[in-house]
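Numbering (my numbering), first residue to last: 558 to 1024.
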RNA sequence: GGUGUCGUACCCAAGCGGCCUAAGGGAACGGUCUGCAAAACCGUCUUUCAGCGGUUCGAAUCCGCUCGACACCUCCA
C-alpha cells in the first residue's frame, strides 16, 4: 500500500519496520470539553488507516493518548489551564472533568464505528515516564533551567523543524503571542514547569526540578516510546500538529534516543471547515456529534460524509452536504437490504467481475486511502448486473471492513411498528385488494403520521421508520 | 509581516499533461413500475474545471498575473 508521508511530502510505498506488524501512535483528545465533529474527522481518518493496514494483513498496535493534564488556553502564556478552567466553570474537580469528557469521547468514537486503540494511555498515569525522558535529555545536555522551568534547547540539535520545513529565520517570533523572556531561543519549549503561570494549578507532581507539571509535548514522546519502542512506524494527528507539537516531539525524542528517524511515516488529516473557516474549541462555537444526532442524523451519516472526501483535503461542512451523505448511506442500506431480502447468503468472491471490483476497491484504498474512489467502486458494483447478488453481499462485507458504515448489519427488521400499526397495515392490504383505495390511502396517511412509511413489494407490504 | 494550501458543473467531491467532449454521491426534473404514492430501476442536469494571459501537437491538470477562500507562524484535529 501507498501512504503520504508528511516528512517527505510525497506518497511512499509503505513498508513496516518489523515484518507484518505496525506500530501506530495517534494523538488523542485533550479532555476538557466535548470533541467537535472536526476533531472527529481526524479519528475517522486514523481508523480508515488502521483498518486498511489490517486488511493488508498487518498486525497493528495502535496507541492513543488522553491528554488529561492541562494545556494553556488561547490567551498565550497568561491563560488559564484548560482543565482548571472547565473544572471551575462546571464546579467539578479536574479529574472529574477529565473522566467525564473521556467517557464522552469514547461514546462518540463508538457511535462512529471507530475501533478503540489497543492501548489508551492517560498523561496523568505517565508522569514518571515523562520525568525519565526529561532527565535523559538533561544528561545529554539538551535542556536548561530558566525562570523555574526546564526548557528544551533547539540549538542543541541541527535539524529542528524538519517535519514542518520551518525556515527559522523567517518565522515571525511572537507574531501572535508574547515571547517568553526566559527562553534562549524563541522556539525553545518547556519540558517541565515548576513556575506555573496559573494561579491555581490543580495538577502538580514532584520532580527533580521541583513540584510542577509536564510541558505540552513530552507526554506523546514518553508514552509512544514506552509502548511502541524507540522507533516506530506511523504517527498520526491533525494537520495543525505539524509545526509545533510534532516538530517538538521529534526534537525531544530523537535527542533523547539518538535514533533517527524516530518515526517512519507521519500522517496528518486535514481540517473540516465551514463557511467561517475551521471549527475550533478555542473560538467558541462548534458542532458536536450529539448535536447533529439531535438534529436527526446518524453518526454514520457523518462518517460517510468524511469518507466521501480525501483525508488530505479540506472538507466543507454544511447541512446540505450532510443531508447528501445521509441520503446516500440510506439508499445504500436500502439496496443492500433488498439483496438480503432474497435470502441470499454472502458467499465467496470468485466471479471474474466481482474480483475486478474487489481489486478496484483495494487499489483505491491502498492508494493513500482513497476513500472517495473506493466508495465510487462500491456504488458501481452494486449497479452492475454482471455481479450476482450473493457476491455483491460478500463484496459489501469485505469493503465495509474499512468503511465501517454498518452497511450489511443484520438489523432486527420485520417487527417495525406496534401490533396496532401492523393491524392497520393488514387492513390497508385488504382494502387495496377490495379496491377501496380511499381507505387504503387514509391508512397510509395515519401510519405516516405515526412515523412509518409503507413499502410495497411483490412479496407484500412492510413498515419502515420515517427518516 | 512570513510560509503554505486551495478555488471543479445546483451542493459535497474525485481527477493533477493525452483513455476528460470531468469519477462517484446528493438535490432537481423526466420516464418505467404502482390503483395512486413510497422504494427501486432508466434517463437528463455536461462542451465545462475562479478570471485573464502563456508554454505545449495537446491543459481542469504546467507557468505568470489578478480575484477569492482557508490554514500555519499561540493551544487547537
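Every residue, glycine too, gets a C-beta built ideally from N, C-alpha and C.
When the options are compared against residue i, the one with the closest alpha-carbon
i            : options             : result
residue 573  : 597, 615, 564, 606  : 615
residue 1022 : 1012, 1015, 1008    : 1008
residue 898  : 603, 911, 843, 1014 : 1014
residue 953  : 750, 934, 942       : 934
residue 775  : 802, 796, 991       : 802
residue 1001 : 577, 984, 991, 856  : 984
residue 613  : 591, 875, 878, 579  : 579
residue 949  : 908, 999, 846       : 908
residue 871  : 602, 575, 914       : 602
residue 691  : 777, 804, 718, 1004 : 777
residue 590  : 846, 694, 999       : 846
residue 965  : 687, 896, 936       : 896
residue 782  : 989, 999, 689       : 689
residue 773  : 986, 951, 850, 680  : 680
residue 790  : 566, 1018, 571, 567 : 571
Alpha-carbon to alpha-carbon, residue j and residue i
i            : j            : result
residue 741  : residue 710  : 8 Å
residue 527  : residue 982  : No information on residue 527 is available, as it lies outside the stretch 558 to 1024 that the chain covers here.
residue 830  : residue 866  : 12 Å
residue 1016 : residue 939  : 22 Å
residue 583  : residue 946  : 39 Å
residue 932  : residue 1012 : 27 Å
residue 792  : residue 564  : 11 Å
residue 818  : residue 788  : 7 Å
residue 827  : residue 744  : 24 Å
residue 696  : residue 869  : 39 Å
residue 976  : residue 1020 : 12 Å
residue 930  : residue 980  : 45 Å
residue 546  : residue 747  : The shown model of the chain, from 558 to 1024, leaves out residue 546, and the question about it has no answer.
residue 654  : residue 587  : 11 Å
residue 996  : residue 1010 : 16 Å
residue 991  : residue 1006 : 24 Å
residue 978  : residue 877  : 33 Å
residue 759  : residue 651  : 7 Å
residue 625  : residue 684  : 11 Å
residue 912  : residue 779  : 45 Å
residue 883  : residue 861  : 8 Å
residue 576  : residue 702  : 42 Å
residue 844  : residue 924  : 31 Å
residue 794  : residue 674  : 14 Å
residue 646  : residue 623  : 21 Å
residue 816  : residue 694  : 13 Å
residue 1004 : residue 585  : 46 Å
residue 917  : residue 664  : 34 Å
residue 1025 : residue 886  : Outside the shown range of the chain, which is 558 to 1024, sits residue 1025, and nothing can be said about it.
residue 633  : residue 902  : For residue 633, the predicted model reports a pLDDT of 39, less than 50, meaning its position is unreliable; a value from the coordinates is still stated below. Taking the straight line joining both Cα atoms gives about 59 Å.
residue 686  : residue 814  : 14 Å
residue 731  : residue 737  : Caution is warranted here: a pLDDT of 49 is assigned to residue 731, below 50, making its placement in the model unreliable, and the coordinate value is therefore given only provisionally. So the two alpha carbons sit approximately 9 Å from each other.
Cβ distance (whole Å) where residue i is taken to contact residue j below 8 Å
i           : j           : result
residue 605 : residue 959 : 6 Å
residue 863 : residue 561 : Contact flag wrong, Cβ pair sits at about 17 Å.
residue 608 : residue 963 : At roughly 14 Å, the Cβ-Cβ gap does not stay under 8 Å, so residue 608 and residue 963 are not in contact.
residue 657 : residue 706 : No, residue 657 and residue 706 are not in contact; Cβ-Cβ is about 30 Å, not under 8 Å.
residue 784 : residue 620 : 5 Å
residue 581 : residue 617 : 6 Å
residue 955 : residue 893 : The Cβ separation is near 13 Å, so there is no contact.
residue 850 : residue 879 : Contact doesn't hold; Cβ gap of about 11 Å is too wide.
Residue i, enclosing beta strand (DSSP E) - first and last residue
i            : result
residue 558  : No beta strand (DSSP E) contains residue 558, which DSSP labels as neither H nor E.
residue 616  : 616-623
residue 568  : 567-570
residue 831  : 829-831
residue 582  : 578-583
residue 1018 : 1017-1022
Closer than 7 Å: residue i CB and nearest the ligand ADP heavy atom
i           : result
residue 674 : The ligand content of the structure shown is nil, which means the ligand ADP is not present either.
Where the alpha helix (DSSP H) through residue i begins and ends
i           : result
residue 658 : 651-668
residue 858 : 856-864
residue 791 : It is not in any alpha helix (DSSP H) - residue 791 instead sits in the beta strand (DSSP E) that spans 789-795.
residue 880 : 876-898
residue 777 : 775-785
residue 703 : From DSSP, residue 703 is part of no alpha helix (DSSP H) but of the beta strand (DSSP E) over 700-703.
residue 935 : 928-940
residue 690 : 684-696
Across the segment 704-722 and the segment 805-813, are there enough close Cβ pairs to call them in contact, namely three or more that are closer than 8 Å?
Yes, since at least three Cβ pairs between the segment 704-722 and the segment 805-813 fall closer than 8 Å, the two stretches touch.
Can at least three beta-carbon pairs, one atom from the segment 769-777 and one from the segment 662-671, be found at a separation below 8 Å?
no
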